[in-house]
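*Asks:* Before I ask anything, let me first share the structure, which is written out below as structure tokens.
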DNA sequence: GCGCGTCTTTGCGCGGGCGCAAATTCCGCA
DNA sequence: TGCGGAATTTGCGCCCGCGCAAAGACGCGC
């Protein structure tokens, strides 16, 4: 239990939370081990549980009625999952899929609502987190609306670096597998176009890493130029 | 003051709020009359005030570094404006412009934070509202990513009808001026393409209303077909 | 080590919708 | 009522990026 509390304590959602809040949360929580490619829940299901990703990484997918897929965002340690749906009493709007092994804590809808109602700090933190996502989506919407594919891909990679990047010998690494298709679904384009673009960048020595090996950005400044130039 | 309370009482943000919450809110609030084309604040400014639109209608604009404009959404009576930025202590991410005369109530950042911290009901309502916007944006992102222009425009008009539509003799009216350019900026396209599309629809008798007169959708079911077909 | 399946690369052609430009219509206002 | 400016319509050509197709590379299990 104390181990769990120390996990919670490090997350943005529990930032500045007092002892009682932490204890109540830790007691009411369940734990769930996640293996790569497993899902936490499915888009459209009734929202019964709210999750907090302790470690690992998730891809949040949204499927269109006609079966196409869009990647809404990636989630990392400390991120809330399914919380908005639970608090709004609406079906989950998307499906979170593990892209690597991980672990999540979860609460029933009632427990989560109680937690937030009784601890204003948690409510404020939730608003912060959700608000941040809202603004990120607004930014992406703008990109999608005004910029061409190459710039969008550059911006997306930079965003991944910012959110999950890890320094390595020859640059910055995105520390999990990211297929061409996934990059395409993040950028409203096709895997073909992504492939062509990344090939060109590899030629220029901007990045490297094929297949299941992780992407390494060797010249982040060049990506910034592409994302911002004109 | 009581008049103000009765205004507040009807909004989603104050839903289920108890007497003390309402009184505190009403006392701390300022009032602001809005004329068409006036702005509440500007994108990039530090967020000092949080607003609640009492009546009227706003268009939320986001400008790109290179001067292009994107319409994030329209806001109607009862909507919160600038609240996320205030609570996150970040600059306003967009600019709200009045598209018709209206009135807003406003609170200082400190007053708003206090209000939410002391009244869990308000916190829950805020999460609901912000969460709803998040999900709407996810839906739009998906549309933008997977559908062609014609379907996106249809979906946008239907959304406007849902949010602000008013029944009239020959169909449903969108009760404020909506230029071709504004529709374009909502749909990541150009006013030219919007013009062509609406012209075609007018030929088919799906809708009518030119220039400064309001759009009237005469055959909403046809729009639904276009938005969903295939 | 071999073979199979999946992911990736690359070529090619086409088309949706942008960009530019000009004509036209409508509105507000004097 | 007439004028000036802004919004809208429409034409036309071109280009980005999709769609299809096929080949190639890599990884995994047997």
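Residue numbers (our numbering), protein chains in the order written: chain A, 17 to 246; chain B, 17 to 246.
Virtual Cβ for every residue (Gly too), placed ideally from N, Cα, C.
Rank 169(B), 122(B), 100(B) by C-alpha distance to the C-alpha of residue 143(A) and give the top, closest one.
*Replies:* 100(B)
*Asks:* At least one CB of chain A closer than 7 angstroms to the CB of residue 84(B): is that the case?
*Replies:* The beta carbon of residue 84(B) sits closer than 7 angstroms to some beta carbon of chain A.
*Asks:* Just confirm the distance between the C-beta atoms of residue 172(A) and residue 203(A), as a whole number of angstroms; I'd bet it's less than 8 angstroms.
*Replies:* 6 angstroms
*Asks:* Can you pull the chain B neighbours of residue 158(A), defined as C-beta to C-beta under 7 angstroms?
*Replies:* 78, 80, 86
*Asks:* Is the beta carbon of residue 112(A) closer than 7 angstroms to that of residue 133(B)?
*Replies:* no
*Asks:* Based on Cα-Cα distance, which residue from 234(A), 168(A), 56(A) lies nearest to residue 110(A)?
*Replies:* 56(A)
*Asks:* What do you reckon, are the CB atoms on residue 115(B) and residue 168(B) nearer than 7 angstroms?
*Replies:* no
*Asks:* For residue 150(A), which residues in chain B fall below 8 angstroms Cβ to Cβ?
*Replies:* Below the 8 angstroms Cβ cutoff, chain B contributes 100, 146, 149, 150, 153 as neighbours of residue 150(A), in chain order.
*Asks:* Mind checking residue 184(A): buried by the 16 CB within 10 Å criterion, or exposed?
*Replies:* exposed
*Asks:* Should residue 66(B) go down as buried or exposed, given a rule of 16 or more other Cβ atoms within 10 Å for buried?
*Replies:* So residue 66(B) counts as buried.
*Asks:* Determine the extent of the beta strand (DSSP E) in which residue 204(B) is found, giving its start and end residues.
*Replies:* In the DSSP assignment, residue 204(B) falls outside any beta strand (DSSP E) and carries neither an H nor an E.
*Asks:* Taking C-beta pairs closer than 9 angstroms, name the residues in chain A that residue 56(B) reaches, listed in chain order.
*Replies:* Neighbours of residue 56(B) on chain A: none; closest Cβ ~17 angstroms, over 9 angstroms.
*Asks:* Anything in chain A within Cβ reach of residue 75(B), meaning under 8 angstroms, just list it in chain order.
*Replies:* Under the 8 angstroms cutoff, chain A gives no residues; its nearest Cβ is about 14 angstroms from residue 75(B).
*Asks:* Identify which residue in 191(B), 158(B), 43(B), 47(B) has its Cα closest to the Cα of residue 84(A).
*Replies:* Residue nearest to residue 84(A) within the set 191(B), 158(B), 43(B), 47(B) is 158(B) (criterion: CA-CA distance).
*Asks:* So the alpha helix (DSSP H) residue 22(B) belongs to, where does it begin and stop?
*Replies:* Counting along the chain, the alpha helix (DSSP H) containing residue 22(B) begins and ends at 18 to 25.
*Asks:* Check the Cβ of residue 136(A) against every Cβ in chain B and list those closer than 8 angstroms, keeping chain order.
*Replies:* 132, 133, 134, 136, 139
*Asks:* So, at 7 angstroms on beta carbons, what are the nonlocal neighbours of residue 218(A) in its own chain, with the 5 sequence-adjacent residues on each side left out?
*Replies:* 224
*Asks:* Do we get a CB-CB distance below 7 angstroms when we pair residue 103(A) with the residues of chain B?
*Replies:* yes
*Asks:* So for residue 80(A), helix, strand or coil by DSSP?
*Replies:* coil
*Asks:* Output the distance between the C-alpha atoms of residue 60(A) and residue 127(A), rounded to the nearest integer angstrom.
*Replies:* C-alpha separation (whole angstroms): 21 angstroms.
*Asks:* Strictly below 9 angstroms CB to CB, what residues from chain A border residue 222(B)?
*Replies:* The premise fails here: residue 222(B) is roughly 22 angstroms from chain A at the closest Cβ pair, so nothing lies under 9 angstroms.
*Asks:* By Cβ distance below 8 angstroms, which residues in the same chain neighbour residue 121(A) in space, the five residues on each side in sequence not counted?
*Replies:* 20, 23, 24, 45, 46, 47, 48, 67, 68, 70
*Asks:* Buried or exposed: which applies to residue 164(B), given that a residue is buried once 16 or more other Cβ atoms fall within 10 Å of its Cβ?
*Replies:* exposed
*Asks:* Return the residue from the list 131(A), 80(A), 129(A), 146(A) that minimises the CA-CA distance to residue 103(B).
*Replies:* Of the listed residues, the one whose Cα sits closest to residue 103(B) is 146(A).
*Asks:* Please identify, using Cβ separations under 9 angstroms, the residues of the stretch 161 to 187 of chain B that lie next to chain A, in order along the chain.
*Replies:* 161, 162, 163
*Asks:* Please list the segments of the beta strand (DSSP E) lying wholly inside the stretch 107 to 134 of chain A, counting only runs of 3 or more residues, in order along the chain.
*Replies:* 111 to 124
*Asks:* Would you identify the three-state DSSP class for residue 234(B), choosing helix, strand or coil?
*Replies:* coil
*Asks:* Give the DSSP bridge partners of residue 49(B), in chain order.
*Replies:* 119(B)
*Asks:* Should residue 242(A) be flagged as near chain B, meaning a C-beta pair shorter than 7 angstroms?
*Replies:* no
*Asks:* Using the beta-carbon of each residue, which ones in chain B are nearer than 9 angstroms to residue 143(A)?
*Replies:* 99, 100, 103, 104, 132, 139, 142, 143, 146
*Asks:* Taking beta-carbon pairs under 9 angstroms, can you tell me which members of the stretch 109 to 129 of chain B lie near chain A?
*Replies:* 109, 110, 129
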